[in-house]
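Participant: As you go down the protein sequences, you meet chains A and B in turn. With our numbering applied, the first sequence corresponds to residues -7 to 147, in that order. With our numbering applied, the second sequence corresponds to residues -7 to 147, in that order.
2 protein chains.
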Amino acid sequence: MEAARRRRRLALAIGNSLRELNSQLSLLNYRVGAQLELRDVDLDCLDLIDRLGPLTPSELARMAGLHPATITGILDRLERGGWIARERDPADRRAVLVRIVRERLPDLLRLYAGMNRSMNEIYAGYDESELEVIADFLSRSAKAGRSATDELSPS
Amino acid sequence: MEAARRRRRLALAIGNSLRELNSQLSLLNYRVGAQLELRDVDLDCLDLIDRLGPLTPSELARMAGLHPATITGILDRLERGGWIARERDPADRRAVLVRIVRERLPDLLRLYAGMNRSMNEIYAGYDESELEVIADFLSRSAKAGRSATDELSPS
DNA sequence: TACATATGGTACGACTTTCGTAGTATATGA
DNA sequence: TCATATACTACGAAAGTCGTACCATATGTA
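#1: How would you write the range of the alpha helix (DSSP H) that residue 11 of chain B sits in, first residue to last?
#2: Distance cutoff 8 Å, beta carbons only. Does residue 114 of chain A sit that close to anything in chain B?
#3: By the criterion of Cβ-Cβ separation under 8 Å, what are the contact partners of residue 141 of chain B in chain A?
#4: For the candidate residues B:81, B:66, B:-7, B:127, whose alpha-carbon lies nearest to that of residue 4 of chain A?
#5: Within 8 Å of any Cβ in chain A, is that where the Cβ of residue 76 of chain B sits?
#6: Ordered along the chain, which non-local residues of its own chain (more than five positions away) have a Cβ less than 6 Å from that of residue 24 of chain A?
#7: So is residue 14 of chain A buried or exposed if we call it buried at 16+ other beta carbons inside 10 Å?
#8: Ends of the alpha helix (DSSP H) at residue 79 of chain A?
#9: Just to confirm the assignment, what range does the beta strand (DSSP E) spanning residue 93 of chain A have?
#10: Across the region 106 to 124 of chain B and the region 73 to 87 of chain B, are there enough close Cβ pairs to call them in contact, namely three or more that are closer than 8 Å?
#11: Within 10 angstroms of its Cβ, does residue 60 of chain B collect 16 or more other Cβ (buried), or is it exposed?
#12: Give a yes or no on whether the minimum CB-CB distance between residue 12 of chain B and chain A is below 8 Å.
#13: Measuring only the C-alpha atoms, how far is residue 99 of chain A from residue 92 of chain A?
#14: Can you round the beta-carbon distance between residue 114 of chain A and residue 9 of chain B to whole angstroms, since I take them to be within the 8 Å contact cut?
#15: Leaving out five residues before and five after residue 53 of chain A in sequence, what residues of the same chain have Cβ atoms less than 6 Å from its Cβ?
#16: Can you find a CB in chain B that lies within less than 8 Å of the CB of residue 127 of chain A?
#17: Look at the alpha carbon of residue 22 of chain B and the alpha carbon of residue 32 of chain B, and state the distance between them as a whole number of angstroms.
#18: Within 10 angstroms of the Cβ of residue 18 of chain A, are there 16 or more other Cβ atoms? Answer buried if so, exposed if not.
#19: Between which two residues does the alpha helix (DSSP H) carrying residue 105 of chain B extend?
#20: CB-CB under 6 Å to residue 106 of chain B, same chain, minus the five flanking residues each way: which ones, in chain order?
#21: Whole angstroms is fine: what's the gap from residue 141 of chain A's alpha carbon to residue 109 of chain B's?
#22: Compare the C-beta of residue 50 of chain A with all C-beta atoms of chain B and state if any pair is closer than 8 Å.
#23: Just to confirm before moving on: does the CB-CB distance between residue 161 of chain A and residue 46 of chain A stay below 8 Å?
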């Protein structure tokens, strides 16, 4: 069947692009981190803190798959740079709540400005239904990534 | 304009999914690396070696944005695990050519099997023209990532 | 050819990061 | 009230990173 072969070829192309995109975004994060004197794992954590709101170091450790003591070091660096703040949890005074310092965010976004501009240009080339297909695909893929990761972890 | 707002919302959703996908794939790589007693940077390099064929440590250092001496350590780990082989370049006997050991690849792919299965299920939900849109989008995004990274590097 | 200079890779050592363990503070349950 | 569990971090050992130096080889010049 000719159609099946075309589909296989497309799936392969998607997989390769996904791999390369992942590789490029990792490298971009690495470079951004270097500019800010942060490690890429620091930026990963900062992203999680931004997306998942104020959370405790333990939760962050679980989400990032890192040892709690490692998180301490990462938070030390992020705090020293003024990217996050550590606050006591009023409900549980053993716990610490990590929150992002929003005033500092523009300094980070500035470094992603080039990427954002390019992405906006790319969006402009698609009509609304195509954008919906893309959004849907990415959302499903992210979910697939989450499941695959969970399967691998011995938790 | 209603349409413009819908487009903005879709662009935002795509950006968020992309961010989360990147985060998830990084985490997946990290977990896969842990299973193989490799660092995630090792896997990044292995991926580059796989995609860009046999290359020298210097080229790899440039592609990965790492110090040449760091590459030595990474290659040592990869070689010790049997993932790559170092060979003298017949054309330039100072140089070393790093090539991937294909026989060892299944051990790596096995760990990505869950992700691959999920992705295949996702592909199955789209028709051919939709897959083309997705492939095109990802390819452009990867290229955008490459440009954005190059802009940030002081090379 | 002979020599100076440039380049590729790695060994070495200083510095940093990571993570297992232990310790302190607080919470929970009997 | 006391025992136990949990949250976080300090500390130290082990590993990773990277600037420098070094050796081998290549390239350019006389």
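Ideal Cβ placement from N, Cα and C applies to all residues, glycine included.
Facilitator: To lay it out plainly:
#1: -6 to 27
#2: It does; some Cβ of chain B falls within 8 Å.
#3: 16, 19, 20, 23
#4: If we check each option's Cα against that of residue 4 of chain A, B:127 comes out closest.
#5: no
#6: 103
#7: Buried, since its Cβ has 16 or more Cβ neighbours within 10 Å.
#8: First-last for residue 79 of chain A: 76 to 80, but that is the beta strand (DSSP E), not the alpha helix (DSSP H).
#9: Careful: residue 93 of chain A lies outside any beta strand (DSSP E) and carries neither H nor E.
#10: no
#11: exposed
#12: yes
#13: 13 Å
#14: About 14 Å separates the two Cβ atoms, so there is no contact after all.
#15: Only 60, 63 meet the Cβ criterion.
#16: yes
#17: 5 Å
#18: buried
#19: 105 to 116
#20: Counting only Cβ-Cβ distances below 6 Å, and skipping sequence neighbours, we find nothing.
#21: Whole-angstrom Cα-Cα distance: 13 Å.
#22: no
#23: With chain A covering -7 to 147 only, the question about residue 161 of chain A has no answer from this structure.
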